[in-house]
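Student: Here the sequence shown is numbered in the UniProt record's numbering, starting from 1 and rising by one per residue.
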Amino acid sequence: MQQFVDLIFPIPLDNRFTYSISSEEADFLQLGMRVAAPFGKTKIYTGIVAHMHTSPPEIYEAKPIHQILDEKPLLSENQLKFWKWIASYYLCTEGDVMRAALPGAFMLESESIVSLNKSSEINESELSDEQFLVVEALESQSSMKIQEIEALLDKKRVLPIINVLVDKNLINLNQEIYEQFKAKESRYVQLNPLYEAEAEMHRLLDELSNAPKQREIVMAYFSQTAGKKKKIKAKKLMKAASASSSILKSLIEKNVFQEIYEEIGRVGFEGEITNPEINLNKIQQEAFNKIKSEFNQDQVCLLHGVTSSGKTEIYIRLIEEAVNKGKQALYLLPEIALTTQLIKRLQNYFGDKVLVYHSKYSVNERVEVYRHVLQNSEKGKIIIGARSCIFLPFQDLGLIVIDEEHESTYKQYDPAPRYQARDSAVVLAALFKANVIMGSATPSLESYYNALHNKYTLVELSKRFGNVLMPEVEVVDIKVAHRKKKMTGHFSERLMQGIKESLDENEQIILFQNRRGFSPILECNTCGHSPQCPNCDVSLTYHSGNNQLRCHYCGYHIAMQLSCMACGSNEISTKGFGTEQVETEIKALFPEVNVGRMDQDTTRGKYSYEKIIEAFENQETQILIGTQMLTKGLDFRNVGLVGIMNADNLLNFPDFRAHERSFQLMLQVAGRSGRTQKRGKVLIQTYNPHHQIIQQVSVGDYKNMYKEQAEDRYQYQYPPYFRLIRLTLKCRDYSKTNEAADWLARALENVFGRYVLGPEFPPVSRIRNEYYKNIMIKIPQKQSLGKTKEVVRKILNTFNAIGAFRSVRVIPNVDPQ
Ligand code: ADP
Ligand code: ZN
Ligand code: ZN
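Next up, the structure:
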């Protein structure tokens, strides 16, 4: 009987596509394997086998596939089920999911571009004639399209050849899209073993007695390594001896010290496993026991633990248990760039069982991690990474940890699939009967609601580890301070005093200024005009670094204007303030202090995060100014004061989650302070000292915040009580956008009545010359989510069939954040 396969292609078309296969192919093929198949007149795509059957398609004649690309499946049936769930829940296609799930190197297609991997060595004898021809051609041209290779080899079926070359690491696929991830190196020094003998060492010290600075380094080395003479970071040694790098250099030249370079933060781990034993304290142990017994009943646990209570230690112990049972574990993080500290902690404990999956890694490195997970190998039993890790091809997943579960970066915003990795991970875990622990010091209302309604189990840690006190929070009323003329720029007298005190105590300081909506803009004092982006509906923001006015949405920029573009007046000033202003002001106020700044502008380059964090860790900078990036799980030992420059613009942000987010942000930044014995201090500057959120932050009262916010959400019909689906229409034509939005809203209202809101222009309604308009659908709890989406899908299909609206795109976003 004729056999067929249904394929998923990495394209945003709603269907699977049916192809015919021979009986030999049918014997060989398994679900989850890739095949190359012709698509349209000229294209060839890689498809994933999602279904095998014997019923021919009804409306078209199935074409035969070109070729099978894999010997073994690239994903399991669980993954296929998971893809299907994501596509149906988040209103996208399985093709969208495929694009997000597979590293680019797995998606060969006729339009793919290949280039030679310059860092690999080519062994001609290992190549077939055809492979050799391709490599040779690529040596003279920088890149080729698959179609060109077809011409070169004079055959249609070249994908298997390319596939082998990709596997051998000889060529790169679509490389220009990806930034090559380069390992970062750390410099260590170690005493020449020659001097390990007592006598030699004394001889050396005598010899150095007329070079006291060099002698000091050697002495510092002994004390720093506690006589063990192991390698030590060069930086650390110089600091301990207060010596410059030139003095260390002369010792290296004399061969007293040897230099060692080690890579950090690469795929895999080559350091030493220190495997420090974790002895949970009583509260931690109780939490741990409770989680384990809940796990036995397949319950998802929400760990609500204050900052620095030891949540991470508990995660590590849970991972250990899973791995000891031979299971795979996944550690999800909101953002990987900021977590070198955590990765180090896990690697110290688990060694190279831990692999990091990182979007900044090259395609080949990602493929390497993918394969380790696919083969369920020892290396990579524990995967740590951001949201896209949920798509790795787990074979025997036992545990998912979702750290900082409240973070909105777990939601993919663009492109489709617009999935929420935290919520999807719960579904993924269920497919594997794996356990889930999600944790936060400030849980999302959604997860906390689930915990209170027995969907999850709540486990609490209400004390910091080692009896460290929660920081003391003080609210500074800047309205009063302004009136009494006690402000210097954006600094209240109280904050200035706090900074001085901390500096005197040799403690470090974090100043937090949030990013959203608070960049400085230029405004004319005469006519009120501020320069706008020609492509987007926003004012340009002022960047003093390069003296430019820039658009944050499309990158458009012009030189700073000296007179008003509308009326010509030269009475113009900048309004609002961002981190850059804070930096300028603080440098003027404390000229002798080293200041670091961490925000989107300073962290563009490679390792820029790491550099800023390292400088602060090593106490090369005393004051660190930053945006929300600072809130993400960083553990600095010496921070005595956290200053929140302005709490109000957080609170006033026009979004139903603004209050929840403000609470989370402020409590998380506050948590960076006082992580050692001395109690830390937090100063919050605000115009509204009596705002309930500020009050709740100042006493760390999560439960009350939850209660009040949940009441509001109930009353105004928002999550967790109502589900939301947002439909965004997008088009270059203004009136077409309006027309289409009206049509769609009316069609939806016919079914959902008053639960349809809009259409409405978002705050920024034009970006890159495209107009945006939103429609929101609210779904009450008693209404079936599945049925609702079915209806939405049908209405969207009808919409897409209307010729007049062909230029309008509709983007569904389920559970928008
Ligand atoms: P959280 O993840 O809740 O913010 P961490 O796990 O980072 O807290 O713990 C805060 C600090 O306390 C870390 O430096 C950690 O090493 C230390 N710590 C927590 N629990 C223990 C423990 N049981 N034994 C030793 N150190 C611990
Ligand atoms: Zn003007
Ligand atoms: Zn713009």
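Think of the CB as a built atom: it goes at the ideal place given N, C-alpha and C, for glycine as much as any other residue.
All values derive from a computational prediction rather than experimental measurement.
Can you look up G753 in the DSSP assignment and give me helix, strand or coil?
Tutor: Three-state result, G753: helix.
Student: According to DSSP, is C389 helix, strand or coil?
Tutor: C389 falls in the helix class under three-state DSSP.
Student: Any heavy atom of ligand 1 within a distance shorter than 7 Å of the CB on Q347?
Tutor: Result no, Cβ not under 7 Å from ligand 1.
Student: Need the endpoints of the beta strand (DSSP E) that E45 sits in, please.
Tutor: Per the sequence shown, the amino acid found at residue 45 is Tyr instead of Glu. First-last of the beta strand (DSSP E) with Y45: 43 to 53.
Student: Taking all protein chains shown into account, decide if T602 is buried (16 or more other Cβ within 10 angstroms of its Cβ) or exposed.
Tutor: It is buried - the Cβ of T602 has at least 16 other Cβ atoms within 10 Å.
Student: How long is the line joining the alpha carbons of N774 and N738, rounded to whole angstroms?
Tutor: Roughly 10 Å separates the two Cα atoms.
Student: Just list the beta strand (DSSP E) runs in the region 227 to 309, keeping only unbroken ones of 3 residues or longer that don't cross its boundaries, in chain order.
Tutor: Segments of the beta strand (DSSP E) lying fully in the region 227 to 309: 257 to 264, 300 to 305.
Student: Looking only at C-alpha atoms, which of I558, L757, S440, F82 sits nearest to E460?
Tutor: Answer by Cα proximity: S440.
Student: Is C551 near ligand 3 - that is, is its Cβ less than 7 Å away from at least one heavy atom of it?
Tutor: Yes; taking the cut-off as 7 Å, the Cβ of C551 has a heavy atom of ligand 3 nearer than that.
Student: Give me the residue from F805, Q817, N800, N813 with the minimum Cα distance to L13.
Tutor: Taking only the C-alpha atoms, the option nearest L13 is N800.
Student: So, is C567 buried or exposed, given that buried needs 16 or more other C-beta atoms within 10 angstroms?
Tutor: It counts as exposed.
Student: Pull up the distance between the alpha-carbon of F9 and that of K411, whole angstroms please.
Tutor: In a straight line, the C-alpha of F9 is about 24 Å away from that of K411.
Student: Is there at least one non-hydrogen atom of ligand 1 closer than 7 Å to the beta-carbon of Q284?
Tutor: Yes; taking the cut-off as 7 Å, the Cβ of Q284 has a heavy atom of ligand 1 nearer than that.
Student: To the nearest angstrom, report how far apart I644 and P762 are at their CA atoms.
Tutor: Approximately 28 Å between the Cα atoms of the pair.
Student: In or out: P520 buried (at least 16 other Cβ within 10 Å) or exposed?
Tutor: Looking at its Cβ environment, which holds 16 or more other Cβ atoms inside 10 Å, P520 is buried.
Student: Pairing CB atoms from the region 63 to 82 with CB atoms from the region 10 to 30, are three or more of them under 8 Å?
Tutor: A contact exists between the region 63 to 82 and the region 10 to 30.
Student: With a cut-off of 8 Å, do at least 3 Cβ pairs link the region 679 to 696 to the region 741 to 752?
Tutor: Result no; under three Cβ-Cβ pairs closer than 8 Å.
Student: Check M144 in the structure and name its three-state DSSP category.
Tutor: Here M144 sits in strand by DSSP.
Student: Tell me whether N450 sits in a helix, a strand or coil according to DSSP, three-state version.
Tutor: Correct three-state label for N450: helix.
Student: Just the C-alpha distance for R215 and L208, rounded to the nearest angstrom, thanks.
Tutor: Distance between the alpha carbons of R215 and L208: 5 Å.
Student: Between N467 and ligand 1, is there a pair consisting of the residue's CB and a ligand heavy atom that are separated by less than 7 Å?
Tutor: Result no, Cβ not under 7 Å from ligand 1.
Student: Which residues bound the beta strand (DSSP E) around N435?
Tutor: Here the beta strand (DSSP E) through N435 covers 435 to 440.
Student: Just reading off the alpha helix (DSSP H) that A220 is part of, what are its end residues?
Tutor: 212 to 224 is the span of the alpha helix (DSSP H), which, as asked, contains A220.
Student: Where does F181 land, buried or exposed, given buried means 16+ other C-beta within 10 angstroms?
Tutor: Note on F181: pLDDT 33, under 50, position unreliable in the model; the coordinate value appears next. By the 10 Å Cβ count, F181 comes out buried.
Student: Which residue from T584, T541, N652 puts its Cα closest to that of L624?
Tutor: Among T584, T541, N652, the Cα nearest to that of L624 belongs to T584.
Student: For L445 versus Y609, is the C-beta spacing smaller than 8 Å?
Tutor: Cβ distance not < 8 Å, so L445 and Y609 don't count as in contact.
Student: Measuring only from the beta carbon, is E313 closer than 7 Å to any heavy atom that is part of ligand 1?
Tutor: Under cutoff, so the answer is yes.
Student: Measuring alpha carbon to alpha carbon, tell me which of K678, V639, A710, F512 ends up nearest N646.
Tutor: Of the listed residues, the one whose Cα sits closest to N646 is F512.
Student: Between the Cα of I510 and the Cα atoms of Q717, D27, E617, which residue gives the shortest distance?
Tutor: It is E617.
Student: D96: buried (16+ other C-beta within 10 angstroms of its C-beta) or exposed?
Tutor: Buried is the call here.
Student: Measure the alpha-carbon distance for W85 versus V427 and round it to whole angstroms.
Tutor: Near 8 Å, if we compare the C-alpha coordinates of V427 and W85.
Student: When you compare each of F257, K235, F132 to L194 by their alpha carbons, which one comes out closest?
Tutor: For the residues F257, K235, F132, the minimum Cα distance to L194 belongs to F257.
Student: Measuring alpha carbon to alpha carbon, tell me which residue in E505, V300, I693 is nearest L667.
Tutor: Answer by Cα proximity: I693.
Student: If you run the structure through DSSP and keep just helix, strand and coil, what is D154?
Tutor: In this structure, D154 counts as coil in the three-state DSSP scheme.
Student: With a threshold of 7 Å, establish whether the CB of S735 neighbours any heavy atom of ligand 1.
Tutor: Checking every heavy atom of ligand 1 against the Cβ of S735, none is found closer than 7 Å.
Student: Are three or more beta carbon pairs between the region 67 to 80 and the region 386 to 393 nearer than 8 Å?
Tutor: Yes: the two stretches touch, three or more of their Cβ pairs being nearer than 8 Å.
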